[in-house]
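**Q** What follows is a structure written as structure tokens; I'll ask about it next.
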Amino acid sequence: MEESRLIQRASGGDAAAFNELLGQHERRMYAVALRMCGNPEDAQDCLQEAMLRVWRAISGFKGQSSFSTWVYRITMNTCLDELRKRKNRPNTSLDTLVEAGWSPPDEGDTPERHALRREARQSLEGFIQELPEDMRAAVVLRDIQGYAYDEIAEILGTNVGTIKSRISRGREKLREKISARSELFDRYGV
Amino acid sequence: MICKDVSGMLDRLMDGELTADERRELEAHGRECPECAEEIRAAFEMKALFEEALPEVDVPLAVQAKWRGAVREAAKQDRKKKWTRWIGSAAAAVVVLAGVGLALNGSLAPKQNSTSEKLAVVQEAAVAAEANEVEYAAEAVNEADAVAEVAYEANAVDFAAETADEAPVIETDGESEALAMGYDAPKSVAMPEATGEPLPVAEAAGAAMEMEAEEPAMETEEAFEEEDAAFEDAAAGDQAMCAALAQQSPACEYAIQAMSVEVACEVIGDLAEEFEGSADVQSVEGGSANVYVELDAASAGEFLAAVAKLDDAGNPAEPPRVSGEGTVLVLLVVEPAEGE
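Below you can see the structure in the form of structure tokens.
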């Protein structure tokens with residue numbers, strides 16, 4: 001069934017339609033939650049919470065933005081709420097982020113290269129976790145999820161200029177950290 | 191510090207917008223300029239890495255089942271709530287009709303011949319029925335209300351259990367806080383009051399449907415605005431503090447020029463947060479802005495260096511030195527840059 005029909009039925013209280021509709025978005029929502037929260041347990045809690053928030057709100061969705069943008073907005077807000085709650089207790093699991101969130105290694109890689117690549121990925125995930133939340137949100141949405149600048153502005157509820165600045169500074173911070181661990185990334189090369 | 195245009199080119203590289211020529215230019219520059227070389231290399235490596243990061247991640251089956259189950263359960267509770275409210279108001283209506291019917295049928299009244307006497311009895315019975323019906327309706331209303339409340343609370347408890355005690359510190363009243371959290375503010379279900387006047391069924395049905403419509407869906411566009419407003423209220427608290435500080439003299443003043451004063455101010459706000467300070471923006475005549483930033487003296491140097499980078503006119507003044515210990519107040523003046 002196509003999206004608008006599913007939205008209509010979900011708005012009317014049809015849980016099966018809702019589950020089908022959100023089933024199309026859950027993997028992307030989870031990818032975002034993983035990188036915002038830094039570990040699978042918190043990410044799963046956020047996913048659960050976000051789904052319920054979407055359920056409660058869906059009858060009010062008026063189609064002023066795209067459905068996906070709207071769902072991402074709720075997902076982000078849920079993650080940011082969670083992060084604000086546990087401000088002083090960061091809890092990362094870089095291992096899992098790399099296991100789950102990266103394309104499988106090349107068949108042709110030597111074990112040594114495979115290990116180096118894994119370490120480089122883990123380091124980058126760690127650096128992303130070290131970014132302040134607002135910056136992390138913008139970089140994740142742009143460089144991992146591939147959203148356009150104006151969509152990101154809509155998702156995060158601010159203007160495009162601010163988003164560009166956050167992404168630019170976020171990338172700069174990541175570059176600085178990568179440069180400082182260049183031995184890891186050097187061999188990876190381009 | 192890297193060369194001026196390189197940062198912009200690195201962003202375009204990440205966004206996949208670099209032409210082949212520009213890419214060669216970048217690589218060539220990296221060979222010539224040791225300061226940029228590291229950043230350029232880091233950018234290429236970061237880009238290659240990001241291309242391997244997945245934008246979609248498989249959700250464990252147990253987690254999938256859990257949210258789907260929770261949604262189905264929520265849907266069930268919603269239906270129950272709707273039905274119970276309906277029953278409540280319809281029951282009240284039915285009882286009222288029954289009461290009136292009894293009075294009119296006169297089954298309670300002894301057989302009388304005189305019309306006026308009959309009338310008197312009917313009137314008496316009607317009054318009695320009304321009195322009874324008011325009581326009964328009130329009871330039915332309360333019961334329905336209670337059932338609905340329980341079902342609603344059970345729902346709300348599931349969702350709010352973990353966060354009830356750990357709500358983010360937002361200084362708003364309870365309802366906006368709940369809104370900010372994205373939850374329905376727990377509220378008692380409004381029932382049509384038993385007024386003692388017979389409610390035709392149609393009217394009761396109308397009332398029941400009205401109540402359903404009334405329940406605001408959370409996170410509508412308005413709710414987003416309310417959520418934003420709640421956060422702004424918190425920010426307003428910070429601003430009030432900053433405004434009070436503005437009565438004091440700033441430890442130093444620093445001016446920059448920006449193509450967009452608004453954006454520069456937002457970025458300064460972000461920077462202030464990064465350095466664990468707070469910023470209060472006040473706009474001034476002629477499109478400039480004064481930004482009062484309160485932060486720790488130890489961080490002020492780095493903070494001002496970062497602000498200097500925001501200057502668009504190409505030749506920012508050297509930021510002032512900030513000495514001393516503890517919290518300081520810095521005044522940043524952001525002026526619109528001349529057009530080119």
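Going line by line, the protein sequences match chains B and V.
Okay, so the first sequence: first residue is 1 according to my numbering, each after it adds one.
Okay, so the second sequence: first residue is 191 according to my numbering, each after it adds one.
Glycine residues also receive a C-beta, built at the ideal position from the N, C-alpha and C atoms.
Which partner residues does V/A252 have in the DSSP bridge list?
**A** Start at 1 with the first residue of the second sequence, and residue 252 of chain V comes out as number 62. Answer by DSSP bridge pairing: none, since V/A252 is not bridged.
**Q** Where do the N-terminal and C-terminal ends of the alpha helix (DSSP H) with V/T517 fall, by residue?
**A** Looking up residue 517 of chain V in the second sequence gives position 327. Note, V/T517: premise wrong, no alpha helix (DSSP H); beta strand (DSSP E) at T517 to P526.
**Q** Quick one: list the residues of chain V neighbouring B/L156, beta-carbon separation under 7 Å, in chain order.
**A** For the purposes of this step, residue 156 of chain B is taken as the residue at position 156 of the first sequence. Correct list: empty, because the minimum Cβ distance to chain V is about 11 Å.
**Q** For B/G170 and V/E456, I'd like the C-alpha separation in whole angstroms.
**A** Numbered from its first residue, the first sequence carries residue 170 of chain B at position 170. Numbered from its first residue, the second sequence carries residue 456 of chain V at position 266. Answer to the nearest angstrom: the Cα atoms are 15 Å apart.
**Q** So B/R117 packs on B/P105, CB below 8 Å; how close in whole Å?
**A** As a first step, residue 117 of chain B must be located in the first sequence, where it is residue number 117. As a first step, residue 105 of chain B must be located in the first sequence, where it is residue number 105. Yes, B/R117 and B/P105 are in contact; Cβ-Cβ is about 6 Å, under 8 Å.
**Q** Using 8 Å as the threshold, is the C-beta distance between B/R215 and B/W102 below it?
**A** Nothing about residue 215 of chain B can be reported from this structure: the residues present for chain B run from 1 to 190 only.
**Q** Within the same chain, show all residues whose beta-carbon is closer than 7 Å to that of B/L6, passing over the 5 residues directly before and after it, in chain order.
**A** Taking the first residue of the first sequence as 1, we reach residue 6 of chain B at position 6. Short of 7 Å from the beta carbon of B/L6, and not among the five residues preceding or following it, lie these beta carbons of its own chain, in chain order: A17, E20 and L21.
**Q** Whole-angstrom Cβ separation of V/P440 and V/L519, contact assumed at under 8 Å?
**A** In the second sequence, counting from the first residue as 1, residue 440 of chain V sits at position 250. In the second sequence, counting from the first residue as 1, residue 519 of chain V sits at position 329. Confirmed, Cβ separation roughly 5 Å.
**Q** Can you name, in chain order, every residue of its own chain whose Cβ lies under 6 Å from the Cβ of B/L198, other than the five neighbours on each side?
**A** Only positions 1 to 190 of chain B appear in the structure, and residue 198 of chain B is not among them; the question remains open.
**Q** Tell me the rounded alpha-carbon separation between V/A425 and V/H219.
**A** As a working mapping, residue 425 of chain V is identified with position 235 in the second sequence. As a working mapping, residue 219 of chain V is identified with position 29 in the second sequence. Note that V/A425 has pLDDT 48, beneath the 50 cutoff, so the model's placement of it is unreliable and no number is given.
**Q** Measuring alpha carbon to alpha carbon, tell me which of V/E207, V/Q447, V/A265 and V/M204 ends up nearest V/K499.
**A** Here residue 499 of chain V corresponds to residue number 309 of the second sequence, with the count starting at 1. Nearest of V/E207, V/Q447, V/A265 and V/M204 to V/K499, Cα basis: V/Q447.
**Q** To test your reading of the DSSP string, which unbroken alpha helix (DSSP H) runs of 4 or more residues are found completely within the region 104 to 190 of chain B?
**A** 111 to 130, 133 to 139, 149 to 156, 160 to 180 and 182 to 186
**Q** Tell me which residue opens and which closes the alpha helix (DSSP H) that B/G42 is part of.
**A** For this step, residue 42 of chain B is matched to residue 42 along the first sequence. The sequence shown places Asp at residue 42 of chain B, not Gly. Its alpha helix (DSSP H) spans residues P40 to A57.
**Q** Starting from V/N480 and walking both ways along the beta strand (DSSP E), at which residues does that stretch end?
**A** Along the second sequence, one-based indexing puts residue 480 of chain V at 290. Note, V/N480: beta strand (DSSP E), A479 to D486.
**Q** Pull up the distance between the alpha-carbon of B/P111 and that of V/E466, whole angstroms please.
**A** The count along the first sequence starts at 1 and reaches residue 111 of chain B at position 111. The count along the second sequence starts at 1 and reaches residue 466 of chain V at position 276. B/P111 and V/E466: Cα-Cα distance of roughly 43 Å.
**Q** Look at the Cβ atom of B/S276, then the Cβ atom of B/G161, and state whether they are nearer than 8 Å.
**A** Because chain B in this structure spans residues 1 to 190, residue 276 of chain B falls outside the shown range and cannot be described.
**Q** Spatial neighbours of V/V451 within its chain, please: CB distance less than 7 Å, with the 5 preceding and 5 following residues excluded, ordered by chain position.
**A** If you number the second sequence from 1, residue 451 of chain V lands on position 261. Answer for V/V451: G477, S478, A479, V524 and P526, listed in chain order.
**Q** Using a C-beta to C-beta distance shorter than 7 Å, which residues of chain B count as neighbours of V/K256?
**A** In the second sequence, residue 256 of chain V corresponds to position 66, counting from 1. The answer, in chain order, is Q48.
**Q** Just grab the DSSP bridge partners of V/A448 for me.
**A** The count along the second sequence starts at 1 and reaches residue 448 of chain V at position 258. In the DSSP output, where bridge partners are listed per residue, V/A448 has V/P526.
**Q** Hey, is B/Y72's beta-carbon within less than 8 Å of any beta-carbon in chain V?
**A** Here residue 72 of chain B refers to the residue found at position 72 of the first sequence. B/Y72 does not count as touching chain V.
**Q** Work out the CA separation of V/R214 and V/E228 for me, nearest whole Å.
**A** Numbered from its first residue, the second sequence carries residue 228 of chain V at position 38. Numbered from its first residue, the second sequence carries residue 214 of chain V at position 24. So the alpha carbons of these two residues sit roughly 16 Å apart.
**Q** Specify whether the region 240 to 251 of chain V and the region 26 to 43 of chain B touch according to this definition: at least 3 beta carbon pairs, one from each stretch, less than 8 Å apart.
**A** yes
**Q** Let me check understanding here. Comparing Cα to Cα, which of V/Q472, V/D205 and V/V497 lies closest to B/Q145?
**A** Sequence index remark: in the first sequence, residue 145 of chain B carries index 145 (1-based). When only C-alpha atoms are compared, the closest one is V/D205.
**Q** So is V/S197 buried or exposed if we call it buried at 16+ other beta carbons inside 10 Å?
**A** By 1-based counting over the second sequence, the position of residue 197 of chain V is 7. With 16 or more Cβ atoms within 10 Å of its Cβ, V/S197 is classed as buried.
**Q** Give the interface partners of B/R26 over in chain V, defined as CB-CB distance under 8 Å, in chain order.
**A** Translated into the one-based positions of the first sequence, residue 26 of chain B becomes position 26. Correcting the residue type first, residue 26 of chain B is Glu in the shown sequence and not Arg. The answer, in chain order, is V249, Q254 and W257.
**Q** Could you work out which residues of chain V lie near B/M36, taking near to mean beta carbons separated by less than 9 Å?
**A** Taking the first residue of the first sequence as 1, we reach residue 36 of chain B at position 36. Simply none; closest approach about 12 Å.
**Q** If you draw a straight line from the C-alpha of V/R202 to the C-alpha of V/L208, how long is it?
**A** Walking along the second sequence from the start, residue 202 of chain V turns up at place 12. Walking along the second sequence from the start, residue 208 of chain V turns up at place 18. So the two alpha carbons sit approximately 6 Å from each other.
**Q** If the criterion is Cβ atoms closer than 8 Å, does the pair V/E235 and B/I163 meet it?
**A** Counted from its first residue, the second sequence places residue 235 of chain V at position 45. Counted from its first residue, the first sequence places residue 163 of chain B at position 163. Cβ atoms of V/E235 and B/I163: not closer than 8 Å.
**Q** If you draw a straight line from the C-alpha of V/Y131 to the C-alpha of V/A462, how long is it?
**A** Nothing about residue 131 of chain V can be reported from this structure: the residues present for chain V run from 191 to 530 only.
**Q** If you measure from the CB of B/R27, is any heavy atom of the ligand NAP nearer than 7 Å?
**A** With respect to the ligand NAP, the structure offers nothing, as it holds no ligand at all.
**Q** Return the bridge partner residues of B/Q24 from the DSSP annotation.
**A** For the purposes of this step, residue 24 of chain B is identified with residue 24 of the first sequence, where counting begins at 1. Answer is none; B/Q24 lacks a bridge partner.
**Q** Under three-state DSSP, which class holds B/S66?
**A** Against the first sequence, residue 66 of chain B aligns to sequence position 66. Residue state, collapsed to three classes: coil.
**Q** Return the CA-CA distance between B/R181 and V/A232, expressed in angstroms with no decimal places.
**A** For the purposes of this step, residue 181 of chain B is taken as residue 181 along the first sequence, with counting starting at 1. For the purposes of this step, residue 232 of chain V is taken as residue 42 along the second sequence, with counting starting at 1. Straight-line Cα distance between these residues: approximately 10 Å.
**Q** So for B/I7, helix, strand or coil by DSSP?
**A** Counting from 1 along the first sequence, the entry for residue 7 of chain B is found at position 7. DSSP places B/I7 in helix when its eight states are reduced to three.
**Q** Are the C-beta of V/V457 and some C-beta of chain B separated by less than 8 Å?
**A** Residue numbering aside, residue 457 of chain V sits at position 267 when the second sequence is read from its first letter. Yes - at least one Cβ of chain B is within 8 Å of the one on V/V457.
**Q** Output the distance between the C-alpha atoms of V/N505 and B/A148, rounded to the nearest integer angstrom.
**A** If you number the second sequence from 1, residue 505 of chain V lands on position 315. If you number the first sequence from 1, residue 148 of chain B lands on position 148. Computed Cα separation, rounded: 32 Å.
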